[in-house]
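What follows is one structure encoded as structure tokens, with my remarks underneath.
Residue numbers (our numbering), protein chains in the order written: chain R, 143 to 653; chain X, 143 to 653.
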């Protein structure tokens, strides 16, 4: 993402003619001529550690991106919260003479926390290039040089390679491409790069409120998440809400020898296992009372789009190596249209080399609840709390006192993590929705997938409600990108496609 | 445990007269005169890291103890396994002229593995002295000097402070005491200090077989485990068997974003929770078919002894801060007379700061199965495996192949850890049993507790079967010693009592 060098702007001899019917597209020619530089610049960005709570480094990311935007003449500035530790939004803009419409392009530059020792053969912030995905036997490649022929099936492994520095990269590179090729944008462009999305966007509302005038626009287009598992591009009109819960259950006050006290003094690991097991039936259906009672049904346009989406479940099961799916055979698309309950992790005592013959004192779990349109964070949390109570637990939001331990047979500490938010959906038949669909469709020979809602979450309800703008998501990452987990990666062709997609959106026909 | 210095052998002015009716006991006078040295020497021993798999350090322990025994004229030698990495037994002997009976005194010098970061304010192999237990607000004390008045309620915090270097210390110090006070032992004494008890005594049988002649004796007396929770001394005629199992269940082959795939692709944490929950009912009774079918009932002497044991459950519940016990209200004594199933630990994904919105790929648990007389390790393992199969799992002893993942809806890897062994019980009405009861009773003004079996485990079945000797256990540690866990500790009075107990056993009236 270094400043475009004039010498590189000349469209060079084409190295590939894979999609010959579109090869005249100047954006693609531009990219083909600049692959080495694009890749190198992107890998530089990935070297910056970007966990939102790592204040020093996250600000380093913000200043780096600001410098990049400054070189492009985008008049960048940092939109900050009152608390100076909060990662700032990096904002910039490009006014198109004569344009009457304004579009905000959003991505986030922070990434999920990760334990470096969980990664395979590389580290989160030391990007490596591999010949294919690790699962398909990909091997490490040397760093490319200007004469390397870059295979679009290669992958870059690094934290945020897909989620969501790929978005920052695709948006800025698309802008470079249209400027370099002399194509005129059709809209005023505002750039909005958030820095604490993976930490729950706790301060986003404050920043939006403070900058309402600056952020006036006709649509808010978000680059995040994966394309359809079939590999087809997709436009997504909604996202699920999300909230996390920490759960702790208790055994005796001190760790006990399992031989002398086991099967008499209660084991919190077993207590937690029973509690978690009570939350779903054998088919994987959630048994918490009223969990989906307030779900708002889809309209006709949404149901039609879903019915036309490619069926990919069988291939996905093959890829993932699973013979069973939760929900009694319902499709992935149906399942992600419902509120979810997922265990992020649990722990009690130790396994492996540190395991020993004790009864642990506590057992912990972190749950991840996804919400759909109609659900509400406060109501969903209350339903879960009530469920835990119905299982015989005394539910509190702190460790129990000695008196409570002696009074209640089962005690659960239940706390909501910061940053929960509701789902958001934009209607698929609005003029802006149709314009976005058409712009993305123009970049693909395959019919693109229109998705009423993504399974994943973004704080779009905060944006839509505060700015009163429709939000539409245009993802670019490969679906097998290990987003949020160890070994996150991006397939290079997805980066290239992303540039074309966003260049097309910057020149869309928006009435 | 440094060599007894002649100058210290003189019985000094008594610092305490707590048990005036026994104060003439020369063993007690000896201890009172030597408390500072005894404590200092014991803390030296605790500084040696002693996890059996830590080969270099565990051998250091063996050589250290051997040197101590050499200074006492006990002709020590190391009894080794063929595999030179196996921690050796430290053996020594003292022939009493005219004695016709021989007793082996056993303790183990290795300790359970532990994660130093789990300890509170100290580290496993940096012993600290505290004014009381941590739970009762104990604070760190400076190291004592020769003029320090040592409070018997103080505690030493360190790995193996109680389990089981306290045993090594009490046995050797008891021998020092009878030598120093000129009391003549009534039996030939053999010292047998094992070095891999906490790792399952995998090589004990080999060492016993090789040294059958050397180890010929009339009884095998074991110092391990805690005294009765009431604080009364106890003699234990049996131990439970023990075997550990590792369990892994599987989700998709790669970690998945919980939003895009959650509640469709199976979550192994939930799968494991359901499986574990199936192993016990709500009252905590084990539901594995036939779990206790082969249990051998107690005889009359054992039932009588159990009925005379102090009732301590209510006080224990207070101490532990628990309002519920497993087993539908049955007493701790009844519960530890049955085969158990305990979760040592489980883990899937992460909790706390590393938690993130993913579906983990696996979930792991380590189970600890205690066996009573009549149970058999192989049969018990087979029952549990069958139970897991009855829950719909395809059970294997390795990770599944891709083909297996696609064929079986639920897969469990189930492996038995090395070192499982059966329970052992010695009849309470044998002459040696009565002699041991009488010898321990002589050291206490309270009636001692006779326990048919301890809840904990020792490889006594291996010893009894290989050497054809009765085994009897005489524990000395305080019951709240955090044995096997972080913050292991010993109450100093228990050390002092242990010296008296073993001195009495070395001079017992054994017909």
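Just so you know, even glycine gets a beta-carbon here, dropped at the ideal spot from N, CA and C.
Under three-state DSSP, which class holds residue 89 of chain X? As displayed, chain X neither begins before 143 nor continues past 653, which places residue 89 of chain X out of reach and without an answer.
Using a 10 Å radius around the Cβ and a threshold of 16 neighbouring Cβ atoms, would you call residue 494 of chain X buried or exposed? Indexing the second chain from 1 puts residue 494 of chain X at position 352. Under this definition residue 494 of chain X is an exposed residue.
Determine, using beta carbons only, whether residue 222 of chain R comes closer than 9 Å to chain X. The residue given as residue 222 of chain R occupies position 80 in the first chain. Not one chain X Cβ lies under 9 Å of residue 222 of chain R.
When you compare the segment 508-526 of chain X with the segment 407-427 of chain R, are there three or more beta-carbon pairs, one atom per stretch, that lie closer than 8 Å? no
At a Cβ threshold of 9 Å, is residue 123 of chain R touching chain X? Lying outside 143 to 653, the shown extent of chain R, residue 123 of chain R is not represented and no answer is given.
I'd like to know whether the C-beta of residue 164 of chain X is nearer than 9 Å to at least one C-beta of chain R. To locate residue 164 of chain X, count along the second chain from 1; it is residue 22. Confidence at residue 164 of chain X is low in this model, with a pLDDT of 47, below 50, so its placement is unreliable and the value that follows should be read with caution. It does not: the Cβ of residue 164 of chain X has no partner Cβ on chain R nearer than 9 Å.
Give me the Cα-Cα distance between residue 443 of chain R and residue 425 of chain R, rounded to the nearest whole angstrom. Position 301 of the first chain, counted from the first residue, corresponds to residue 443 of chain R. Position 283 of the first chain, counted from the first residue, corresponds to residue 425 of chain R. About 30 Å.
If we count the other Cβ atoms within 10 Å of its Cβ and call it buried at 16 or more, is residue 375 of chain X buried or exposed? Position 233 of the second chain, counted from the start, is the residue given in the question as residue 375 of chain X. With 16 or more other Cβ atoms within 10 Å, it is buried.
Against chain X: residues of the segment 495-529 of chain R by CB proximity under 9 Å: 495, 496, 497, 498, 499, 500, 501, 502, 503, 505, 506, 507, 508, 510, 512
Residues near residue 523 of chain X in its chain [Cβ-Cβ closer than 8 Å; skip 5 each side]: Your numbering for residue 523 of chain X matches position 381 in the second chain. Answer for residue 523 of chain X: 385, 387, 511, 558, 562, listed in chain order.
Any Cβ of chain R within less than 9 Å of the Cβ of residue 594 of chain X? Within the second chain, numbered from 1, the residue matching residue 594 of chain X stands at position 452. Chain R contact via Cβ: absent.
Which complete alpha helix (DSSP H) runs does the segment 570-611 of chain X hold, if anything under 4 residues is left out? 573-583, 602-609
Starting from residue 614 of chain R, trace the alpha helix (DSSP H) both ways and give me its first and last residue. For the purposes of this step, residue 614 of chain R is identified with residue 472 of the first chain, where counting begins at 1. It is not in any alpha helix (DSSP H) - residue 614 of chain R instead sits in the beta strand (DSSP E) that spans 613-615.
Where the alpha helix (DSSP H) through residue 219 of chain R begins and ends: Position 77 of the first chain holds residue 219 of chain R. Residue 219 of chain R -> not in any alpha helix (DSSP H); beta strand (DSSP E) instead, spanning 219-221.
Just verifying my parser: in three-state terms, what is the DSSP assignment at residue 498 of chain X? Counting from one through the second chain, the residue named residue 498 of chain X turns up at place 356. It is coil, neither helix nor strand.
When you compare the segment 524-535 of chain X with the segment 429-441 of chain X, are there three or more beta-carbon pairs, one atom per stretch, that lie closer than 8 Å? yes
Look at the alpha carbon of residue 315 of chain X and the alpha carbon of residue 641 of chain X, and state the distance between them as a whole number of angstroms. Residue numbering aside, residue 315 of chain X sits at position 173 when the second chain is read from its first letter. Residue numbering aside, residue 641 of chain X sits at position 499 when the second chain is read from its first letter. One C-alpha to the other measures close to 6 Å.
Is any beta-carbon of chain R found at less than 9 Å from that of residue 234 of chain X? The sequence position of residue 234 of chain X within the second chain is 92, counting from 1. Taking Cβ atoms only, chain R never reaches closer than 9 Å to residue 234 of chain X, which makes this a no.
In the DSSP assignment, the alpha helix (DSSP H) including residue 352 of chain X goes from what residue to what residue? Stepping through the second chain from its first residue, residue 352 of chain X is reached at position 210. Where residue 352 of chain X is concerned, the enclosing alpha helix (DSSP H) stretches over 346-352.
Nearest-angstrom Cα distance between residue 164 of chain R and residue 292 of chain R? Counted from its first residue, the first chain places residue 164 of chain R at position 22. Counted from its first residue, the first chain places residue 292 of chain R at position 150. Interpretation of residue 164 of chain R is limited by its pLDDT of 47, a score under 50 that renders its predicted location unreliable; the figure taken from the coordinates is listed afterwards. Those two C-alpha atoms are separated by around 20 Å.
For residue 271 of chain R and residue 253 of chain R, what's the separation of their Cα atoms in angstroms? Counted from its first residue, the first chain places residue 271 of chain R at position 129. Counted from its first residue, the first chain places residue 253 of chain R at position 111. Going from the Cα of residue 271 of chain R to the Cα of residue 253 of chain R covers about 19 Å.
Closest Cβ-Cβ distance between residue 384 of chain R and chain X: below 9 Å? The residue labelled residue 384 of chain R in the question sits at position 242 within the first chain. Closer than 9 Å to some Cβ of chain X, the Cβ of residue 384 of chain R qualifies, so yes.
CA-to-CA distance, residue 586 of chain X to residue 220 of chain X, given in whole angstroms: Here residue 220 of chain X refers to the residue found at position 78 of the second chain. Here residue 586 of chain X refers to the residue found at position 444 of the second chain. In a straight line, the C-alpha of residue 220 of chain X is about 35 Å away from that of residue 586 of chain X.
Taking the DSSP output, what are the residues bridged to residue 246 of chain X? Position 104 of the second chain holds residue 246 of chain X. Bridge partners of residue 246 of chain X: X/332, X/362.
Beta-carbon neighbours of residue 452 of chain X, restricted to chain R and to distances below 9 Å: As a working note, residue 452 of chain X is residue 310 in the second chain. Result: empty, since nearest Cβ-Cβ is about 15 Å, beyond 9 Å.
Could you check whether residue 394 of chain X and residue 630 of chain X sit closer than 9 Å to each other, using their CB atoms as the reference points? Within the second chain, numbered from 1, the residue matching residue 630 of chain X stands at position 488. Within the second chain, numbered from 1, the residue matching residue 394 of chain X stands at position 252. Not closer than 9 Å, so no.
Which class does residue 256 of chain X belong to by DSSP, given the choice of helix, strand or coil? For this step, residue 256 of chain X is matched to residue 114 along the second chain. Residue 256 of chain X falls in the coil class under three-state DSSP.
Would you mind sorting residue 520 of chain R into buried or exposed? The rule is 16 or more other CB atoms within 10 Å of its CB. The sequence position of residue 520 of chain R within the first chain is 378, counting from 1. Exposed, by the Cβ-count rule.
What are the residues that DSSP puts in a beta bridge with residue 383 of chain X? Taking the first residue of the second chain as position 1, residue 383 of chain X is located at position 241. X/513, per the DSSP bridge assignment.
Are the segment 240-248 of chain X and the segment 366-382 of chain R touching, with three or more C-beta to C-beta distances below 8 Å? no
Partners in chain X for residue 628 of chain R, counting only beta-carbon separations shorter than 8 Å: What you label residue 628 of chain R is simply residue 486 of the first chain in a count that begins at 1. Those are 397, listed as they occur along chain X.
Between the segment 240-255 of chain X and chain R, which residues of the former have CB atoms less than 7 Å from a CB of the latter, in chain order? 254, 255
Kindly indicate if chain R contains any beta-carbon less than 9 Å away from that of residue 467 of chain X. Mapped onto the second chain, residue 467 of chain X falls at position 325. Closer than 9 Å to some Cβ of chain R, the Cβ of residue 467 of chain X qualifies, so yes.
Report yes or no: do the segment 256-269 of chain X and the segment 234-245 of chain X share at least 3 C-beta pairs separated by less than 8 Å? no
Using a Cβ-Cβ cut-off of 9 Å, state whether residue 624 of chain R counts as contacting chain X. Position 482 of the first chain holds residue 624 of chain R. Residue 624 of chain R counts as touching chain X.
Bridge partner(s) assigned by DSSP for residue 391 of chain R: Translated into positions along the first chain, residue 391 of chain R becomes position 249. Answer is R/505, R/554.
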